[in-house]
Amino acid sequence: MDPNKQIKYSHYQITDAVNFGGVLDPEQCKQLAQRILALYDGNSDGNIDSFEVGYMLSDCYRAMNKGFNPTPTDIASYSRILDRKGTGRVTLEDIEQLCLKFFGAKSDRQPSQY
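Using UniProt numbering, the final residue of the sequence shown is 114, and nothing's skipped along the way.
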């Protein structure tokens with residue numbers, strides 16, 4: 001309680017500042033996906049192959065201060081998760097969908113639906 005009555009309280013919810021379900025709008029997710037592809041597409045063929053996925057996986061763990069050297073089995077498993085169409089390569093569309101899933105705002109949903 002403010003004895004001087006100088007603090008003005010207002011109703012504020014986190015959803016007032018952050019879109020429910022994510023921190024990026026769809027366009028920002030696409031931009032992020034393009035940056036990820038540019039970073040890990042070492043041979044500039046427009047896809048991320050399993051060798052390049054290994055670098056991505058290592059960097060993800062390194063960013064969390066975890067020392068992890070993925071085995072070929074780890075890389076193959078992660079590649080299958082990312083490669084939604086089973087083409088053997090991770091495409092820009094695959095990365096966009098991943099970004100939308102984990103970072104994208106879902107404005108058409110309400111918190112009660114979760």
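Backbone N, C-alpha and C fix where the C-beta goes; we use that ideal spot for every residue, glycine too.
### Message
Using a Cβ-Cβ cutoff of less than 8 Å, which residues in the same chain neighbour S58 once the five nearest sequence positions on both sides are dropped?
### Response
F68, N69 and P70
### Which of helix, strand or coil DSSP assigns to G86
coil
Neighbourhood of C99 by C-beta, 8 Å cutoff - its chain only, sequence neighbours within 5 removed:
L24, C29, K30, L32, A33 and I36
Whole angstroms are fine: how far does the CA of L92 sit from the CA of D45? Straight through space, the alpha carbons of L92 and D45 are spaced by roughly 11 Å.
In its own chain, which residues sit with a C-beta less than 7 Å from the C-beta of Y55, not counting the 5 before and 5 after it?
-> Y40
>> Is there a C-beta anywhere in chain D that falls below 8 Å from the one on E96?
In response: Protein chains in the displayed structure number just one, and chain D is not present.
Margin query: Runs of 4 residues minimum, wholly inside the region 40-83: which ones carry the alpha helix (DSSP H) assignment?
Written below: 50-63 and 72-82
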